[in-house]
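Sequential numbering from 54 applies to the sequence shown in my numbering.
Report on the structure given below.
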Amino acid sequence: MNFLPKKILAVDISDSSIEILQVSQFLGKIKASFISRSEITKGIVDKGRIIDRKQLVLKLKEYTSGASTNKIALAIPDAIVATNIFRFPEDKDIKKEDVLSEAMKMVSVDLEKSYWDFDIMDVDDAKIAFFVSALKSDIDEYRLLFEELDMVPELFDLNSLCALRAIDIDYDDVLIVDIGGRYGVLSAFNGGSLQSVHLVDFGGENFTEKLSERLNATYEQAEMFKMNVGFDADKEDGRVFLALEDVMQSLIDEMRKVVNDYEEKNNKKIKKIILSGGSSLIPKLGEYIYENLSIEAEIGRPRAGNMVLDYLKS
C-alpha cells in the first residue's frame, strides 16, 4: 500500500506577482505545506502573455525552491482566454458540431490556431454551451515555461473559475470583481455558470499612482494611504478619498456596463458583488461601490473545496 501523500502545486501568475500553494493529501486529510507569493518586475508578463520567459523561469525556480513536487495546476489568466455562452432550446440534443458552428461565427475565435473546450449545462430552463478558447501560442508559452523547470502541468483552468470555486458564495446572479495589480477582471455568474468575462485596463497600481501624484507622496507612502485610509472620507481631510474616487469612477463605469448587460440578457438582477484581489482590502471600498451601484459588495471569503482538492481526492 502506498502511503506517500499526493501533492500538487497550484500556480497563479499575473502581470505583477506569482502565487504558489502546495497542497497535499495524506490519509484522507488535505493540507497546505508550502506557500510562496512574490512580486515580479513589470514587463515579464503583460496581460497574461509571457514576454520574458527566461526571467520568469528564474523567478519560478527561486520561488518554488522549497516545494516537494513538480506537478502543476495553473490558473490561466483571463486576459488570454476568450469565453462565450451559446444558448440552445432546453429540448435540443446538443452535439459537438452545434457548438463549433456557433464558435466559428465569433470573429475572435480561430479554431485552427486555438485550444478550445466546452461544457453543456442546464441554466434557467435552457441549455447553454460554455465555450472557452485560447491561442495555442499563448498556452504553449506556459507549457515551455514548465518544461524548462522540469514541471508537469496536470491541470489548466480559468482564473475566473478558480476564483468562483475558492469563494464561499451563493452562485446565483453574482459579479466577482478581481482587482489585480495592473488590470481587473469582472466575471458574472449565474447558477455556478460563468456568463461573461470583462477585462478592464485598471488595477491596484492605478490607485497608488494617483495618490502619489495628488498627495506628492512616495509610492510606498501612497500604498500606505491606500490600504490604511482608503475610501474613508473622514480621514486625512478627505484628500485620500477624493484621489481614489477620481480613479475609481472608471471602474464603476465598467462594472455598470457589465451589470446592465447581464441583467438585459438574463432578465434578472445582479444580487451581489464579490471583491477579490489585493485591492479588495481597501477600507470602505464595498460601501463606495454600494453608494454608486446600489448593489451589496463584500470581500470574498475563502471556502474549502476546489478543482485542486478534487484532483488530490481522485
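Positions of the beta carbon are idealized from the N, C-alpha and C atoms, including for glycine.
Item checked: Three-state secondary structure assigned by DSSP to MET277 -> helix
Check: What separation, rounded to the nearest whole angstrom, lies between the Cα atoms of ILE373 and ILE138?
Finding: What the structure shows of the chain is the stretch from 54 to 367, and residue 373 is not part of that stretch, so it cannot be assessed.
Item checked: alpha helix (DSSP H) runs wholly inside the stretch 163-213, at least 4 long, in chain order -> 189-201
Checklist line | Simplified DSSP state of SER86, which is helix, strand or coil | finding: strand
Note to self: Report the CB separation of ILE61 from THR117 in whole angstroms; it is logged as a contact under 8 Å.
What the structure shows: Incorrect: roughly 12 Å between the Cβ atoms, too far for contact.
Notebook entry, point to check: Taking one C-beta from the stretch 318-334 and one from the stretch 223-235 each time, how about it: are there three or more such pairs within less than 8 Å?
Noted result: yes
Next item on the list: Specify, as a first and last residue, the run of the alpha helix (DSSP H) that LEU264 falls within.
Entry: 257-268
Next item on the list: Would you mind stating whether VAL134 and ASN243 have Cβ atoms separated by less than 8 Å?
Entry: no
Next item on the list: Please state whether DSSP places LYS310 in a helix, a strand or coil.
Entry: helix
Next item on the list: Check the C-beta distance from ILE66 over to SER91 and give it rounded, since I have them as a contact under 8 Å.
Entry: Actually they are not in contact, since the Cβ atoms of ILE66 and SER91 sit about 11 Å apart, beyond 8 Å.
Note to self: If you measure between the beta carbons of LEU188 and ARG106, is that distance less than 8 Å?
What the structure shows: no
Check: Grouping DSSP H, G and I as helix and E and B as strand, with all else coil, what is ALA296?
Finding: helix
Notebook entry, point to check: The alpha helix (DSSP H) with ARG140 in it runs from where to where?
Noted result: No alpha helix (DSSP H) holds ARG140; the beta strand (DSSP E) holding it covers 134-141.
Check: Do GLY233 and SER69 have their C-beta atoms closer together than 8 Å?
Finding: yes
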